[in-house]
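The next block holds one structure in the form of structure tokens; read it before the comments.
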Amino acid sequence: MELVTENKAVQREAAALHDLCESEGAFFHENLRMVVANDGAMWLESTLPADQHDVLIALPDSCLPRIDAVTFKLVGDDIEVAEIADGALSDTQERCLKHMLAIYNATGKIKRHRETSPWFALTTHPELFDAVLAGRKGAPRLEDQHERLRTEGVTDEFLIESFLGTRKYGALGESVLMPFIDYANHDSRASAFQPGSRAGYPEHQ
392 MELVTENKAV QREAAALHDL CESEGAFFHE NLRMVVANDG AMWLESTLPA DQHDVLIALP
452 DSCLPRIDAV TFKLVGDDIE VAEIADGALS DTQERCLKHM LAIYNATGKI KRHRETSPWF
512 ALTTHPELFD AVLAGRKGAP RLEDQHERLR TEGVTDEFLI ESFLGTRKYG ALGESVLMPF
572 IDYANHDSRA SAFQPGSRAG YPEHQ
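Heads up, the sequence shown is in my numbering, so the first residue is 392 and it goes up one at a time.
This is the structure:
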């Protein structure tokens with residue numbers, strides 16, 4: 392996998408994360424490229440034809456950090472680990488998690504989320520917020536988040552939960568973060584990620 396970025400911190404953390412995952416048996420297609428722009432935008436791309444659905448990344452379970460047992464905190468606009476429940480993560484999963492957080496921080500993801508997420512951008516315009524949510528009536532999770540934001544305001548806890556909520560994958564029975572797959576901007580022509588057992592792989596991809 393090729394990494395294209397001028398961000399030195401991302402170069403360091405992404406290289407360490409890649410090598411850690413690869414040492415655990417992860418697969419990265421030789422035509423895969425990770426791009427990080429100067430404004431912090433991240434995406435994955437490939438030189439393969441759009442109709443060629445090769446596996447680009449396959450990750451073993453040991454590289455998927457469980458986040459439900461992790462307490463996070465904000466330090467300025469950086470997200471950090473505050474506490475991990477005993478035995479909840481393997482050493483490799485914890486290392487993967489910390490590299491991923493370092494990449495989020497190096498690309499200003501929390502600051503961008505605070506500035507662009509409707510949860511925060513519309514707090515000063517409650518009438519617009521109500522109109523948007525009216526179109527999603529009957530969605531318990533959205534209604535619960537709206538009520539929390541209305542009664543508690545914009546807390547660090549809510550900011551962290553809403554940020555990670557857009558990135559976690561919960562189809563494995565536990566919420567996990569997925570190194571590198573997390574950085575993919577989805578294209579309608581691309582194959583979706585799926586449990587590896589469905590595609591002939593022993594773990595996840």
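Yeah, the Cβ is synthetic: ideal placement off N, Cα and C, and Gly gets one too.
Bear in mind that the values here come from a model prediction, so they are computed numbers and not experimental data.
- The residue from R532, N576 and A441 with its alpha-carbon nearest to that of A432 is N576.
- The continuous alpha helix (DSSP H) containing L555 extends over residues D547 to G556.
- Per the DSSP secondary-structure output, E436 pairs in a beta bridge with R424.
- Beta-bridge partners of A449 (DSSP): F418.
- In the three-state DSSP reduction, A522 falls in the helix class (H, G or I).
- Exposed is the label assigned to T438, since fewer than 16 other Cβ atoms lie within 10 Å of its Cβ.
- In the DSSP assignment, K464 falls within the unbroken beta strand (DSSP E) covering V461 to V466.
- Taking the Cα positions, P451 is about 11 Å away from L411.
- Minimum Cα-Cα distance from V427 among the listed residues V446, D445 and A400 corresponds to A400.
- Residue range D469 to I475 is occupied by the beta strand (DSSP E) that includes A473.
- Contact fails between the stretch 527 to 546 and the stretch 476 to 488, because fewer than three Cβ pairs, one in each stretch, are under 8 Å apart.
- The alpha carbon of A406 has as its nearest neighbour, out of H490, F549 and E436, the alpha carbon of H490.
- E397 sits in coil when the DSSP states are folded into three classes, being neither helix nor strand.
- Shown here for I551: same chain residues with a beta carbon closer than 7 Å to its own, the five before and five after excluded, namely F463, L465 and I470 in chain order.
- Note on R532: under 16 other CB atoms within 10 angstroms of its CB, so exposed under the neighbour-count rule.
- For the options P456, D459 and G467, the alpha carbon positioned closest to that of T546 is the one of G467.
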